[in-house]
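Asker: Going by this note's numbering, the sequence shown opens with residue 39, and the numbers climb by one from there. Ideal Cβ positions, reconstructed from N, Cα and C, are used throughout, including at glycine. Remember, it's a predicted structure, so these values are computed and weren't measured experimentally.
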Amino acid sequence: MRRPDVVLVHPPSVYDFRRRAIFYGPISDVIPSSTVFEMYPIGFATLAAFLRRHGRRVRIVNLALRMMRSRRFRPERYLRRLEPRLFGIDLHWLPHAHGGHEVAALLKRLHPDIPIVFGGISASYFHEELIRDPSVDFVLRGSVTEPCLLELVRELEGDRRFERVPNLTWKQDDRVRVNPASFVPLSFDDLDYDLGYMIGQVVGRLDFWTNVPFHAWWRHPITAVFTVRGCGRGCVTCGASEEAFRGFMPGMHPLLRSPASIARQVRDLAELTRAPIFLVGDINDGGPKYAEAVVEALRATGVSNRLVFEFFRPPPGAFVAHVEACLPHWGAELSPESHHEEIRARLGKASYTNAELEEGIETILGGRCEQLDLFYMIGLPGQSYRHVMTTVDAIEAIFRRLDARVSAFITPMGPFIDPGSVGFEHPEATGYRLRAHTLAEHRALLEQGDWESILNYDTDAMTRTEIVDATYDAAERLNDLKLRYGRIEPARAAGVARRLTEARALRRRIREAQGRLDPEARLALLGEIRAYSESTVNDKAELFPPGAFLRNFRLGGILRLLARDVLRRGTRRPETRRLGSALQDAPAETASTP
Numbered sequence: 039m040r041r042p043d044v045v046l047v048h049p050p051s052v053y054d055f056r057r058r059a060i061f062y063g064p065i066s067d068v069i070p071s072s073t074v075f076e077m078y079p080i081g082f083a084t085l086a087a088f089l090r091r092h093g094r095r096v097r098i099v100n101l102a103l104r105m106m107r108s109r110r111f112r113p114e115r116y117l118r119r120l121e122p123r124l125f126g127i128d129l130h131w132l133p134h135a136h137g138g139h140e141v142a143a144l145l146k147r148l149h150p151d152i153p154i155v156f157g158g159i160s161a162s163y164f165h166e167e168l169i170r171d172p173s174v175d176f177v178l179r180g181s182v183t184e185p186c187l188l189e190l191v192r193e194l195e196g197d198r199r200f201e202r203v204p205n206l207t208w209k210q211d212d213r214v215r216v217n218p219a220s221f222v223p224l225s226f227d228d229l230d231y232d233l234g235y236m237i238g239q240v241v242g243r244l245d246f247w248t249n250v251p252f253h254a255w256w257r258h259p260i261t262a263v264f265t266v267r268g269c270g271r272g273c274v275t276c277g278a279s280e281e282a283f284r285g286f287m288p289g290m291h292p293l294l295r296s297p298a299s300i301a302r303q304v305r306d307l308a309e310l311t312r313a314p315i316f317l318v319g320d321i322n323d324g325g326p327k328y329a330e331a332v333v334e335a336l337r338a339t340g341v342s343n344r345l346v347f348e349f350f351r352p353p354p355g356a357f358v359a360h361v362e363a364c365l366p367h368w369g370a371e372l373s374p375e376s377h378h379e380e381i382r383a384r385l386g387k388a389s390y391t392n393a394e395l396e397e398g399i400e401t402i403l404g405g406r407c408e409q410l411d412l413f414y415m416i417g418l419p420g421q422s423y424r425h426v427m428t429t430v431d432a433i434e435a436i437f438r439r440l441d442a443r444v445s446a447f448i449t450p451m452g453p454f455i456d457p458g459s460v461g462f463e464h465p466e467a468t469g470y471r472l473r474a475h476t477l478a479e480h481r482a483l484l485e486q487g488d489w490e491s492i493l494n495y496d497t498d499a500m501t502r503t504e505i506v507d508a509t510y511d512a513a514e515r516l517n518d519l520k521l522r523y524g525r526i527e528p529a530r531a532a533g534v535a536r537r538l539t540e541a542r543a544l545r546r547r548i549r550e551a552q553g554r555l556d557p558e559a560r561l562a563l564l565g566e567i568r569a570y571s572e573s574t575v576n577d578k579a580e581l582f583p584p585g586a587f588l589r590n591f592r593l594g595g596i597l598r599l600l601a602r603d604v605l606r607r608g609t610r611r612p613e614t615r616r617l618g619s620a621l622q623d624a625p626a627e628t629a630s631t632p
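1. Does DSSP put Ile567 in a helix, a strand or coil?
2. To the nearest whole angstrom, what separates the beta carbons of Tyr423 and Ala313, a pair I think is in contact under 8 Å?
3. Flag this pair as touching only if the region 146-159 and the region 125-134 have three or more C-beta atom pairs under 8 Å; answer yes or no.
4. Does Lys387 come out as helix, strand or coil in the three-state DSSP assignment?
5. In this structure, does DSSP put Ser162 in helix, strand or coil?
6. Using the C-alpha atoms, what's the distance from Gly420 back to Met500?
7. For a minimum of 3 consecutive residues, which ranges assigned as the beta strand (DSSP E) are wholly contained in the region 333-404?
8. Have a look at Ala535 and Thr261 and give me their C-alpha separation to the nearest angstrom.
9. Assuming Ser51 and His134 make a contact with CB atoms under 8 Å, what is their CB distance in whole Å?
10. Alpha carbons only, please: which of Asn205, Arg443, Val214 is nearest the one belonging to Val222?
11. What's the gap between the Cα of Leu365 and the Cα of Leu472?
12. According to DSSP, is Ala586 part of a helix, a strand, or is it coil?
13. Tell me whether the region 297-309 and the region 335-345 touch, counting them as touching only if at least three CB pairs, one residue from each stretch, are closer than 8 Å.
14. Would you kindly work out how many angstroms separate the C-alpha atoms of Met427 and Glu463, rounded to a whole number?
15. What's the C-alpha gap between Leu144 and Leu194?
16. Drop a sphere of 10 angstroms on the beta-carbon of Val214, count the other beta-carbons inside from all chains shown, and report buried for 16 or more, exposed for fewer.
17. Return the bridge partner residues of Cys269 from the DSSP annotation.
18. Which one of Ser181, Asp211, Ser342 has the shortest CA to CA distance from Ala278?
19. With a threshold of 16 other CB atoms inside 10 Å of the CB of Ala586, please say whether the residue is buried or exposed.
20. Need the endpoints of the alpha helix (DSSP H) that Val96 sits in, please.
21. State the CB to CB distance for the pair Arg406 and Glu371, rounded to an integer number of angstroms; the pair is presumed to be in contact (CB under 8 Å).
22. Consult DSSP for Gln486 and reduce its assignment to one of helix, strand or coil.
23. Pull up the distance between the alpha-carbon of Ala414 and that of Gly469, whole angstroms please.
24. Is the beta carbon of Ile433 closer than 9 Å to that of Val494?
25. Have a look at the DSSP bridge pairing and note the partners of Leu209.
26. Under DSSP, the alpha helix (DSSP H) around Val222 begins and ends at which residues?
27. Let me know the secondary structure DSSP gives His291 once reduced to three states.
28. Could you tell me which whole beta strand (DSSP E) segments of length 3 or greater appear in the region 432-520?
29. How should Asp320 be labelled, buried or exposed, when 16 other C-beta atoms within 10 angstroms of its C-beta is the threshold for buried?
30. His367 to Thr339, Cα distance in whole Å?
31. Under the three-state reduction of DSSP, which class applies to Gly126: helix, strand or coil?
32. Have a look at Val96 and Glu280 and give me their C-alpha separation to the nearest angstrom.
33. Enumerate in chain order the residues of its own chain whose CB-to-CB distance from Asp431 is below 8 Å, with the five nearest sequence positions on each side excluded.
34. Quick one: is Lys327 buried, meaning 16 or more other Cβ sit within 10 Å of its Cβ, or exposed?
35. In the DSSP assignment, what residue or residues form a beta bridge with Ile416?
36. Helix, strand or coil: which one does DSSP assign to Leu178?
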């Protein structure tokens with residue numbers, strides 16, 4: 039098999055988690071991945087597809103998942119066999135600060151002559167600190183870097199004039215060079231993932247676990263279409279908010295995907311799987327006409343999968359009525375974050391009354407919506423222990439009044455407030471006290487022994503200890519409510535209750551030992567990522583609809599995708615156009631701004 043041009047490596051959150059005794063806590067209970075954060079960013083898939091379309095060979099290596107799957111897996115032995123022209127490592131979200139650093143050091147030791155590039159939101163924010171790491175050769179800044187990565191590969195193939203690569207931070211004779219952020223995309227319609235390529239990687243290499251997005255994906259192959267890159271909302275804790283992007287990624291404003299592009303991706307995914315397809319981002323943020331056009335485009339696909347909409351505020355009744363008229367199967371996720379209007383307003387995502395929230399929930403459930411999940415957060419500015427518990431009271435009122443299609447989740451915000459967010463830049467003004475500011479300081483936090491010590495913040499209303507107390511108390515009450523009101527099966531509720539009791543007992547032992555684990559506790563935690571951390575607040579299986587593995591896939595569609603991929607592969611040749619013409623096959627608005 040030919041040598042790849044680029045290998046994209048996804049690291050675990052903490053590199054040597056299999057040898058460490060860390061009580062991670064419930065920091066991943068409402069996301070598909072585990073506390074290892076083994077789900078690689080969707081950007082890996084779009085980077086691979088873009089480079090491949092321009093004639094380059096790319097591999098995705100989910101190193102985190104391979105390490106998680108087997109204690110016998112040796113990353114050093116596996117990575118030694120790879121010899122691309124360039125290694126890429128993601129540092130999108132900050133929990134990979136430790137794993138990314140250690141994987142880069144390992145790759146540099148194994149392959150001292152192969153350069154390493156980092157990318158992602160956190161890498162963009164910390165680019166000057168990151169580039170001073172001896173193992174790091176390049177950092178690409180921005181939320182859309184596919185064309186810039188192609189330019190970097192071209193320079194590595196050619197005369198290595200890296201000053202010509204937009205948005206690149208690099209080293210020249212031990213001096214840091216920061217190239218201008220001259221590539222400013224106006225669309226990302228042309229940046230799709232290539233399902234044929236991804237399936238071909240699995241089939242061609244007989245290597246399922248290196249390529250799948252996260253551990254449970256084989257049982258729950260949920261898929262997603264990103265309707266936006268960035269976000270027009272103003273959550274003070276989010277590094278992808280519009281204000282955050284203005285601060286450290288100028289020009290990288292929120293980009294809406296066109297209705298036609300959204301529909302095309304949905305249609306392609308539905309050819310592969312029967313599982314629900316999530317539309318990431320609130321399409322109502324694009325305005326009523328845009329949202330209506332998206333729904334019309336989705337209707338034209340004729341797909342039978344459940345399409346799940348994300349709402350940042352209660353959707354307009356007219357929008358819900360339009361969805362009802364156009365789509366046979368749909369669901370929704372709505373994130374009020376808190377029952378308290380003033381706390382919701384301080385967070386900055388959206389300001390609305392509880393009366394509007396109740397009306398919105400009833401409107402969503404007034405028709406064929408098959409599932410509505412409500413998401414609440416602990417660790418918000420101004421939020422006290424009492425606020426958390428009265429939010430659970432409000433959830434009970436919803437359960438009592440409405441049918442079993444609506445459920446709710448509550449989780450701590452963690453482990454970090456995002457770098458570049460308003461809360462990170464102005465913590466005191468937004469209700470936070472930060473415990474770490476640099477990349478190295480966050481790396482050190484990730485090595486702490488328990489999740490209370492890992493959090494990088496306290497709030498103006500709760501200490502970290504109080505946040506942990508509120509999390510476990512609220513989780514216990516919510517689990518009881520879900521059982522009482524038929525939102526969860528008795529066996530699943532019993533499992534959450536048991537894991538919650540065990541997690542509390544372990545926390546007591548850690549506190550009594552003043553953070554120094556006794557031998558029994560250390561042995562119980564060594565390399566463990568599930569028993570005391572996963573599904574202790576919410577059962578992770580609640581995030582996924584039921585369904586057997588094989589029943590979720592469409593074999594005929596998979597075979598057609600593979601056939602099309604083989605045909606395309608036979609006609610693709612490398613090309614050498616520069617960035618000015620690299621996107622000439624894409625919509626005109628994707629061209630760079632010089």
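Answerer: According to the data block:
1. Residue placement at Ile567 cannot be trusted, given a pLDDT of 48 that sits under 50; what the coordinates show is reported in the next sentence. Three-state result, Ile567: coil.
2. Tyr423 to Ala313, Cβ: 38 Å. No contact.
3. yes
4. coil
5. helix
6. 8 Å
7. 345-349, 368-375
8. 30 Å
9. 6 Å
10. Asn205
11. 45 Å
12. Note on Ala586: pLDDT 48, under 50, position unreliable in the model; no value is reported.
13. yes
14. 29 Å
15. 21 Å
16. exposed
17. Ser279
18. Ser181
19. Since pLDDT at Ala586 reaches only 48, below the 50 mark, its modelled position is unreliable, and the value read off the structure follows with that caveat. Ala586 is exposed by the Cβ-count criterion.
20. Careful: Val96 lies outside any alpha helix (DSSP H), inside the beta strand (DSSP E) at 96-100.
21. Not really, about 16 Å apart at Cβ, beyond 8 Å.
22. coil
23. Residue identity check: residue 414 is Tyr in the sequence provided, not Ala. Roughly 18 Å separates the two Cα atoms.
24. Val is not the amino acid found at residue 494; the sequence shown has Asn there. Contact flag unset, no.
25. Note on identity: in this sequence residue 209 is Lys, with Leu being the wrong assignment. Val214, per the DSSP bridge assignment.
26. Here Val222 belongs to no alpha helix (DSSP H), and DSSP marks it neither H nor E.
27. coil
28. 444-450, 470-472, 495-497
29. buried
30. 13 Å
31. strand
32. 31 Å
33. His377
34. exposed
35. Pro450
36. strand
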